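2 protein chains.
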Amino acid sequence: MAKHDPDLSLLFHALADPTRRSILTRLAEGPAAVTDLAGPTGLRLPTVMRHLSVLEEAGLIATTKDGRVRTCAIRPEALEPARTWLDEQRALWEARLDRLDAFVTNVMKGGNQ
Amino acid sequence: MAKHDPDLSLLFHALADPTRRSILTRLAEGPAAVTDLAGPTGLRLPTVMRHLSVLEEAGLIATTKDGRVRTCAIRPEALEPARTWLDEQRALWEARLDRLDAFVTNVMKGGNQ
DNA sequence: CATATACTTAGCCACATGGCTAAGCATGAT
DNA sequence: ATCATGCTTAGCCATGTGGCTAAGTATATG
Chain F
1 MAKHDPDLSL LFHALADPTR RSILTRLAEG PAAVTDLAGP TGLRLPTVMR HLSVLEEAGL
61 IATTKDGRVR TCAIRPEALE PARTWLDEQR ALWEARLDRL DAFVTNVMKG GNQ
Chain D
1 MAKHDPDLSL LFHALADPTR RSILTRLAEG PAAVTDLAGP TGLRLPTVMR HLSVLEEAGL
61 IATTKDGRVR TCAIRPEALE PARTWLDEQR ALWEARLDRL DAFVTNVMKG GNQ
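In order, the protein sequences belong to chains F and D. Numbering-wise, my numbering puts 32 at position 32 of the first sequence, and it's gapless, one number per residue. Numbering-wise, my numbering puts 107 at position 107 of the second sequence, and it's gapless, one number per residue.
Here it is in structure tokens:
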């Protein structure tokens with residue numbers, strides 16, 4: 001399929017995995033090193049590393065390396081595109097339902113007289 | 001990983017594909033038959049069918065079959081869990097930033113007097 | 001009944017994803 | 001200099017995903 005919204009696809013895809021979501025909630029408490037993030041998941045480091053790079057490519061986290069420790073931190077603004085899309089859709093969907101409502105009301109009025 | 005939130009995973013995964021998102025926006029204009037949905041995508045019917053079943057399993061659409069025509073319609077309430085999760089995260093992330101802010105302010109006050 | 005329409009199912013293919021181990025590399029501690 | 005720590009890279013494996021074709025089923029329509 002054409003890549004109309006690579007950002008949204010990356011974003012939603014990153015959020016679609018429970019491990020990645022739990023890493024994000026863990027990071028909500030504050031920045032953490034890779035090993036600290038790996039602990040709670042019960043997964044091996046390389047596996048966690050790949051989850052982290054998915055999160056980073058989606059813009060959800062930023063990482064910096066200081067000495068041999070890589071520290072990961074949340075990028076709160078990264079959620080905005082997802083929120084915006086959801087809000088737009090909700091608006092569209094509800095507008096449609098409203099029009100449907102108006103239509104039905106109209107038909108009933110016209111049909112009964 | 002443990003399946004803590006199968007709903008959210010299904011939901012975000014369904015939303016992570018451009019074709020599926022475009023089907024959703026198309027459906028925002030009103031219910032449509034499978035063939036009508038397939039047209040704009042340029043994809044074959046079986047392919048579209050599978051996108052539709054992903055959307056249906058995520059609860060994003062409902063389909064009914066009348067005669068030989070299957071009609072698909074949006075289920076607006078299905079977006080709620082995603083919205084809720086995003087809102088929760090934003091709250092958590094911002095709370096953390098606020099605490100950090102307060103901490104920094106505190107340290108500066110204490111350190112300078 | 002025969003034929004077109006609208007899905008549906010089955011199955012193939014290439015590639016992505018999520019897990020792992022093993023080995024490498026850079027840095028901090030002794 | 002040596003060793004431990006913390007990440008990184010390479011590569012394997014099973015499964016999932018997104019596309020397809022070909023053939024099947026069910027319902028209108030003539």
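C-beta atoms are modelled at their ideal positions from N, C-alpha and C, and glycine is treated no differently. Note that the structure is a prediction, hence the values are computed from the model and not measured.
Notebook entry, point to check: How far does the beta strand (DSSP E) with Asp66 of chain D in it reach, from first residue to last?
Noted result: Its beta strand (DSSP E) spans residues Ile61 to Asp66.
Checklist line | Span of the alpha helix (DSSP H) around Arg21 of chain D | finding: The continuous alpha helix (DSSP H) containing Arg21 of chain D extends over residues Pro18 to Leu27.
Notebook entry, point to check: Name the chain D residues that come within less than 7 Å of Ile74 of chain F, Cβ to Cβ?
Noted result: Near Ile74 of chain F (Cβ distances below 7 Å), the residues of chain D are Trp93.
Notebook entry, point to check: When we look at the beta-carbon of Ser9 of chain D and count the other beta-carbons within 10 Å, is it buried (16 or more) or exposed?
Noted result: buried
Check: At least one CB of chain D closer than 9 Å to the CB of Pro46 of chain F: is that the case?
Finding: It does not: the Cβ of Pro46 of chain F has no partner Cβ on chain D nearer than 9 Å.
Item checked: Pick from D:Gln89, D:Arg50, D:Arg70 and D:Arg21 that is closest to Asp36 of chain D, judged by C-alpha positions -> D:Arg70
Notebook entry, point to check: In terms of residues, what are the limits of the alpha helix (DSSP H) holding Ala58 of chain D?
Noted result: Ala58 of chain D -> no alpha helix (DSSP H), and no H or E assigned at all.
Checklist line | Burial state of Arg21 of chain D (16 or more Cβ within 10 Å) | finding: buried
Checklist line | CA-to-CA distance, Pro31 of chain D to Ile61 of chain D, given in whole angstroms | finding: Cα-Cα distance, rounded: 10 Å.
Margin query: Determine, for Asp36 of chain D, whether the minimum Cβ-Cβ distance to residues of chain F falls below 9 Å.
Written below: no
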